[in-house]
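Residue numbers (the UniProt record's numbering), protein chains in the order written: chain P, 1 to 456; chain R, 1 to 456. The beta carbon of each residue, even a glycine, is placed where N, CA and C say it ideally should be.
2 protein chains.
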Amino acid sequence: MSENVLNYLAENRDQLLQKLNEFLTIPSVSTDPVHKKDIKKAANFMEAYLNEIGFDKVEQQDTGGHPLVYAEYNQAGPDAPTVLFYGHYDVQPVDPLELWDSDPFKPEIRNGRLYARGSSDDKGQVFMHLAVFEAFMKTEGKLPLNVKVCIEGEEEIGSENLYKILHDKKEAFQADFAVISDSGMVAKNQPTILYGLKGFTGIEINVTGPDHDLHSGMYGGAVKNPIMALTQILASMKNEEEVITVDGFYDGVEPLADEERELIKQVNGEDYKEATGINETASEKGYTAKEHTMARPTFEINGIYGGYQGEGTKTIIPSSATAKITCRLVPGQDPTNIQQLLVDHVKKHAPASVKVEVVKEKLSAKAYKVEPNHPLIDSAAKSYTKAFGKETVYVRMGGSIPVVEWIEDIYKMPIVLLGFGTPEDRLHSPNESFPLDSFDKGMETLVYYWNEVNNK
Amino acid sequence: MSENVLNYLAENRDQLLQKLNEFLTIPSVSTDPVHKKDIKKAANFMEAYLNEIGFDKVEQQDTGGHPLVYAEYNQAGPDAPTVLFYGHYDVQPVDPLELWDSDPFKPEIRNGRLYARGSSDDKGQVFMHLAVFEAFMKTEGKLPLNVKVCIEGEEEIGSENLYKILHDKKEAFQADFAVISDSGMVAKNQPTILYGLKGFTGIEINVTGPDHDLHSGMYGGAVKNPIMALTQILASMKNEEEVITVDGFYDGVEPLADEERELIKQVNGEDYKEATGINETASEKGYTAKEHTMARPTFEINGIYGGYQGEGTKTIIPSSATAKITCRLVPGQDPTNIQQLLVDHVKKHAPASVKVEVVKEKLSAKAYKVEPNHPLIDSAAKSYTKAFGKETVYVRMGGSIPVVEWIEDIYKMPIVLLGFGTPEDRLHSPNESFPLDSFDKGMETLVYYWNEVNNK
């Protein structure tokens with residue numbers, strides 16, 4: 001039964017890639033207001049494609065922010081299971097633009113990879129699902145199960161409005177299980193079941209000193225330097241052994257079990273040095289880099305700025321300095337509580353001679369962990385293996401997908417994370433790309449999976 | 001004899017201010033290549049004015065960088081003393097432009113102050129000298145002493161090429177003493193003799209980690225964050241008590257004598273909080289803010305940047321981070337040696353997991369101190385007091401003027417620092433301004449001084 005569907009995908013590969021390129025050409029950057037029109041354009045593209053496939057009640061739902069594209073297919077009948085498929089059509093900013101080898105919004109194939117912002121996160125993977133649905137409709141005239149499609153435009157800015165909608169539409173969106181393809185495999189062509197995700201929280205620190213930039217000769221020695229104050233605060237939050245030194249940060253974190261350390265050791269992941277160009281990894285004292293990225297909380301300064309950044313020197317004491325911080329959390333850590341601990345630490349270490357303001361990042365998420373041997377997870381592993389011809393590995397990852405926590409929280413249904421990205425995809429970075437292998441075998445996996453699920 | 005000259009200045013005040021405005025309208029920012037034409041324009045303005053006044057052999061000397069404007073007046077005869085007058089026609093950058101209340105290059109008078117970049121540092125003060133020379137020529141038909149004028153265009157970028165010229169032109173530029181007006185008074189209308197200046201050195205620290213920005217979820221825990229590495233290095237260079245913790249930094253610094261502390265205490269300087277908007281001063285443990293700014297070395301981070309600086313969040317580990325640092329030095333500290341100590345400290349504290357490069361700032365200067373009771377200083381104090389109607393105070397200041405050290409070093413002649421700026425001038429900052437009181441009484445001071453010197 002999968003035969004025809006797979007043949008259709010093979011025969012129409014070029015047209016499908018062409019269509020995906022159209023989608024990737026739309027610069028749907030959700031964080032930047034200048035791209036509001038493009039966001040709308042991407043939503044329209046999704047809506048049109050879903051109609052073309054033959055979904056029922058396709059619509060753009062008003063979220064107060066960027067629209068949510070919703071669609072249903074109910075013709076598989078009451079006995080067939082219903083899946084809620086989630087994805088997002090918005091993308092990360094592209095700066096620094098000069099580091100891209102090709103235009104982020106002019107998709108280009110180079111040695112087996114499709115280069116474009118969103119090719120992996122998440123437009124490419126969303127498109128694969130729709131293409132597979134198209135293939136089923138065009139060959140079998142129907143889908144093997146009932147489907148509710150939910151594609152948002154605010155994932156990269158924290159899915160701010162989605163949470164409320166998931167609540168309000170509880171009845172409408174209810175399904176037997178959810179499937180999300182917004183993650184990756186531990187290595188190219190290595191089937192990977194993601195059974196754990198990290199939580200997330202963040203703050204921004206703004207330090208203000210003098211009400212204008214000062215001549216360092218006239219005021220150096222009388223005025224606290226805001227940049228120095230900021231660096232002293234930041235340096236007090238993590239030590240040279242990569243241990244986060246914020247009081248209470250690790251409270252409640254479940255210790256890493258020996259079995260899990262064993263599992264992690266077995267994961268034949270990427271070579272961090274090779275993938276990033278560093279000469280030496282740096283991870284929390286007592287943990288390997290793999291253990292830290294997969295199962296231990298992290299603290300990162302995402303950006304910092306203050307004072308003179310131009311050519312040459314400018315002998316000033318700047319009037320202010322800012323740093324953006326985000327943390328990845330593990331089970332046992334409450335995002336709101338951790339965020340408050342960060343604020344308290346900063347306030348406690350703020351010198352009286354400067355004004356220190358801490359802005360709480362709105363986006364937050366609890367960590368997530370699912371039972372690895374759930375039948376739906378099991379079918380996913382089988383389908384993966386069948387398509388990629390390789391045993392499936394089970395891992396936890398450092399990324400955060402707030403919607404996963406929310407769906408679990410609101411719908412109490414199992415969530416299957418079917419990710420096809422690879423560690424080399426450069427998500428959120430210049431030269432984001434997606435391997436065509438993942439494109440082909442990923443769709444094959446989905447074809448097997450939908451049939452598997454239907455025959456359960 | 002001063003009468004006519006003073007009357008001329010009074011009667012022609014408007015025209016002189018008009019001419020000064022023309023000069024200030026030229027955006028002669030020396031650090032930025034896009035302003036090369038404007039630098040040339042400012043040099044031409046100086047050249048034209050010197051010719052108009054009646055100087056001999058007015059010329060623009062090629063420095064390899066921005067031209068040096070030179071002129072001589074020798075008609076005071078062999079018995080009259082010869083002064084070397086130094087100033088600069090280049091200015092600091094104006095960013096952040098949005099913080100200016102009026103266009104930095106459209107001079108504007110508001111409540112007794114002339115607002116424009118360079119109005120105080122140093123175009124305004126250079127112009128005062130030329131205006132006084134004009135007044136002498138127009139009224140007395142001659143100047144009271146022989147003058148060598150030396151106005152450069154690279155002071156704000158470290159007078160890079162001036163040093164070599166001062167060497168090569170040793171004979172040509174030789175004089176009995178030098179006068180420089182590129183500094184200020186401790187308070188508005190408070191005659192101030194500057195008998196000490198700080199030295200100067202600087203470095204730039206570039207920290208590089210991964211070869212591209214990384215997804216903090218996928219690599220957080222495996223890769224050292226370059227911004228965190230930089231803040232840890234910076235925080236290790238100065239402690240919360242404003243003590244610089246770089247090994248050997250204070251070696252050789254002459255202790256602050258009780259008499260000098262007394263002298264400093266008597267200086268009725270500005271209110272730091274009022275002038276800068278801070279709620280509390282911060283100075284080296286064991287020293288008052290005034291003592292630290294005037295007589296103790298300083299360490300300032302002038303600028304820092306790395307990672308995401310835009311709106312919203314971007315959950316990355318950035319690939320690099322940079323900080324610009326400058327130090328003000330006191331007698332007993334060798335700039336080259338201190339600079340090396342900074343480099344050594346950074347290298348010693350650089351984590352192996354990132355690449356840390358330290359760039360040595362080319363600009364450097366030794367600290368300077370002159371004998372307060374030298375007759376030429378004494379005449380200056382008298383002229384100040386006569387013009388401002390107030391006793392002159394003697395101070396050391398935190399600013400650095402490399403040329404002062406070089407002139408002393410090469411020409412071994414006394415240097416008189418006749419500054420008319422005020423603490424509220426906002427040098428190097430948005431809304432730089434210069435009080436018209438200083439403009440008028442400053443020129444009056446110069447008229448008295450040249451006559452005083454001539455009668456010695």
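Exercise. Per DSSP, which one or two residues make a beta bridge with A321 of chain R?
Worked result: R:V207, R:G306
For this session: Compare the Cα-Cα distances from I26 of chain P to each of P:Y89, P:E47, P:T63 and report the closest residue.
Result: P:Y89
Problem set entry | beta strand (DSSP E) segment containing E108 of chain R, residue limits | 108-110
Exercise. What does a CB cutoff of less than 6 Å around K355 of chain R pick up in its chain, not counting 5 residues either side in sequence?
Worked result: T208
Exercise. When we look at the beta-carbon of G124 of chain R and count the other beta-carbons within 10 Å, is it buried (16 or more) or exposed?
Worked result: With 16 or more other Cβ atoms within 10 Å, it is buried.
Exercise. Around the C-beta of H167 of chain P, are 16 or more other C-beta atoms found within 10 angstroms, so that it is buried, or is it exposed?
Worked result: exposed
Exercise. Three or more beta-carbon pairs under 8 Å between the stretch 220-234 of chain P and the stretch 290-308 of chain R, yes or no?
Worked result: Contact between the stretch 220-234 of chain P and the stretch 290-308 of chain R is present, because at least three Cβ pairs lie under 8 Å.
Problem set entry | Counterpart residues of R328 of chain R in DSSP-defined beta bridges | R:F200, R:T298
Exercise. In the structure shown, what three-state DSSP assignment does L99 of chain R receive?
Worked result: helix
Exercise. Span of the alpha helix (DSSP H) holding K224 of chain R?
Worked result: Boundaries for K224 of chain R: no alpha helix (DSSP H) harbours it, and the DSSP string shows neither H nor E there.
Problem set entry | Sufficient close CB pairs (3 or more, under 8 Å) joining the stretch 93-106 of chain R to the stretch 428-443 of chain P | no
Exercise. When we look at the beta-carbon of I109 of chain P and count the other beta-carbons within 10 Å, is it buried (16 or more) or exposed?
Worked result: exposed
Problem set entry | Pairwise C-alpha distance: V94 of chain R and residue 465 of chain P | A question about residue 465 of chain P goes unanswered here, because the residues of chain P that appear run from 1 up to 456.
Exercise. Taking Cβ to Cβ, would you say S30 of chain P is nearer than 7 Å to I203 of chain P?
Worked result: For the pair S30 of chain P and I203 of chain P, the CB atoms are not nearer than the 7 Å cut-off.
Exercise. So, is T392 of chain R buried or exposed, given that buried needs 16 or more other C-beta atoms within 10 angstroms?
Worked result: buried
For this session: Output, in chain order, the set of chain P residues within a Cβ distance shorter than 8 Å of P351 of chain R.
Result: E240, A282
Exercise. Alpha carbon to alpha carbon, what distance is there between L363 of chain P and N302 of chain P?
Worked result: 15 Å
Exercise. Whose C-beta lies closer than 6 Å to the C-beta of I304 of chain R among residues of the same chain, with five residues either side of it excluded?
Worked result: Hits under 6 Å: A323.
Problem set entry | Strand pairing of R13 of chain P, partner residues [DSSP] | In the DSSP secondary-structure assignment, R13 of chain P is not bridged to any residue.
Exercise. For the alpha helix (DSSP H) that R426 of chain P lies in, which residues bound it at each end?
Worked result: DSSP places R426 of chain P outside any alpha helix (DSSP H), giving it a letter other than H or E.
Exercise. Using CA coordinates, which residue listed in P:E3, P:D247, P:S320, P:V83 is at the minimum distance from residue 471 of chain P?
Worked result: This structure leaves residue 471 of chain P out entirely; chain P is present only between 1 and 456.
Problem set entry | Opening and closing residue of the alpha helix (DSSP H) in which K148 of chain P lies | First-last for K148 of chain P: 146-152, but that is the beta strand (DSSP E), not the alpha helix (DSSP H).
For this session: State buried or exposed for G399 of chain R, treating a residue as buried only when at least 16 other CB atoms are found within 10 Å of its CB.
Result: Counting Cβ neighbours within 10 Å, G399 of chain R comes out buried, since at least 16 surround it.
Exercise. Which partner residues of G87 of chain P appear in the DSSP bridge assignment?
Worked result: P:I151
Problem set entry | Simplified DSSP state of I401 of chain R, which is helix, strand or coil | When DSSP states are grouped into helix, strand and coil, I401 of chain R belongs to the coil group.
Problem set entry | L341 of chain P: first and last residue of the uninterrupted beta strand (DSSP E) it sits in | Element bounds for L341 of chain P: not the beta strand (DSSP E) but the alpha helix (DSSP H), 335-349.
Exercise. By DSSP, does G217 of chain R sit in helix, in strand, or in coil?
Worked result: In the three-state scheme derived from DSSP, where H, G and I count as helix and E and B as strand, G217 of chain R is classed as helix.
For this session: Say whether chain R places a C-beta atom closer than 7 Å to the C-beta of H66 of chain P.
Result: no
For this session: Quick one: residues in its chain with C-beta nearer than 7 Å to the C-beta of A387 of chain P, no 5 flanking neighbours on either side, listed in chain order?
Result: K441, E444, T445, Y448
For this session: Just the chain P side, please: which residues come within less than 9 Å of T31 of chain R by C-beta, in chain order?
Result: G310, E311, G312, T313, K314
Exercise. Any Cβ of chain R within less than 7 Å of the Cβ of M228 of chain P?
Worked result: yes
Problem set entry | Contact set between the stretch 407-427 of chain P and chain R, restricted to residues whose Cβ is under 8 Å from the partner | P423, R426, L427
Exercise. So L68 of chain R is in the beta strand (DSSP E); what residue range does that whole segment cover?
Worked result: 68-73
Exercise. Given 8 Å as the limit, is there contact between the stretch 413-423 of chain P and the stretch 144-161 of chain P, that is, 3 or more CB pairs closer than that?
Worked result: no
Exercise. What are the boundary residues of the alpha helix (DSSP H) that includes K162 of chain P?
Worked result: Sequence inspection shows Leu at residue 162 of chain P; the Lys mentioned does not correspond to that position. From DSSP, the alpha helix (DSSP H) with L162 of chain P extends over 162-168.
Exercise. If you draw a straight line from the C-alpha of I227 of chain R to the C-alpha of G306 of chain R, how long is it?
Worked result: 7 Å
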